[in-house]
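Numbering (this note's numbering), first residue to last: 696 to 850.
Ideal Cβ placement from N, Cα and C applies to all residues, glycine included.
Keep in mind the model is a prediction, meaning the values are calculated, not measured.
Taking it in order: structure first as structure tokens, then the write-up.
See the structure below:
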């Protein structure tokens, strides 16, 4: 079986002078880096004392699912003669917080909006979303439903 390895470096940048001595005395800010790529500023969700101007892990999980679906969809369209001209997604995820403070994602909904060439097969373009979902590495790795509600138009 072929394996791929992914490595990042995550560094907490939120020590405001006393480390984690007090719950409210430190920032949740951190940076995610990978060799040769721009640094991604991270924090926790503002509900958990995070910085709203930075990406939080929950947003990045939803983004990973959305991006993986899109990349598979574009690949499958190119293999099947469907010419995609535009692609965007308004994805959302629902996480439920438990009484003990932990949480669990219960669903992610992808809403891809796709414009295809007038010559492309509309039915095929719609059907390929199911195949993209089936092949998505990230969707296959999570234990909650990842749904998709695509909108495909000739453009």
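Supposed contact pair residue j and residue i - C-beta distance, whole angstroms, cut 8 Å
i           : j           : result
residue 710 : residue 746 : No, residue 710 and residue 746 are not in contact; Cβ-Cβ is about 14 Å, not under 8 Å.
residue 803 : residue 785 : Not really, about 12 Å apart at Cβ, beyond 8 Å.
residue 825 : residue 767 : Rounded, the Cβ-Cβ distance is 11 Å, inconsistent with contact.
residue 794 : residue 817 : Not quite, the Cβ-Cβ distance comes to about 48 Å (not below 8 Å), so this is no contact.
residue 760 : residue 823 : With a Cβ gap of about 17 Å, residue 760 and residue 823 do not count as contacting.
C-alpha distance - residue i paired with residue j, whole-angstrom precision
i           : j           : result
residue 814 : residue 777 : 8 Å
residue 742 : residue 732 : 29 Å
residue 832 : residue 782 : 19 Å
residue 847 : residue 834 : 21 Å
residue 797 : residue 837 : 17 Å
residue 774 : residue 757 : 26 Å
residue 713 : residue 721 : 8 Å
residue 749 : residue 819 : 38 Å
residue 700 : residue 754 : 22 Å
Residue i - partner residues in DSSP beta bridges
i           : result
residue 805 : 843
Quick check: the region 803-810 against the region 732-742, are there 3 or more CB pairs under 8 Å? No: fewer than three Cβ pairs fall under 8 Å.
Which whole runs of the beta strand (DSSP E) in the region 732-797 are 3 residues long or more, in chain order? Taking 3 residues as the shortest admissible run, the region 732-797 contains the following complete beta strand (DSSP E) segments, listed from N- to C-terminal end: 735-737, 779-784 and 787-792.
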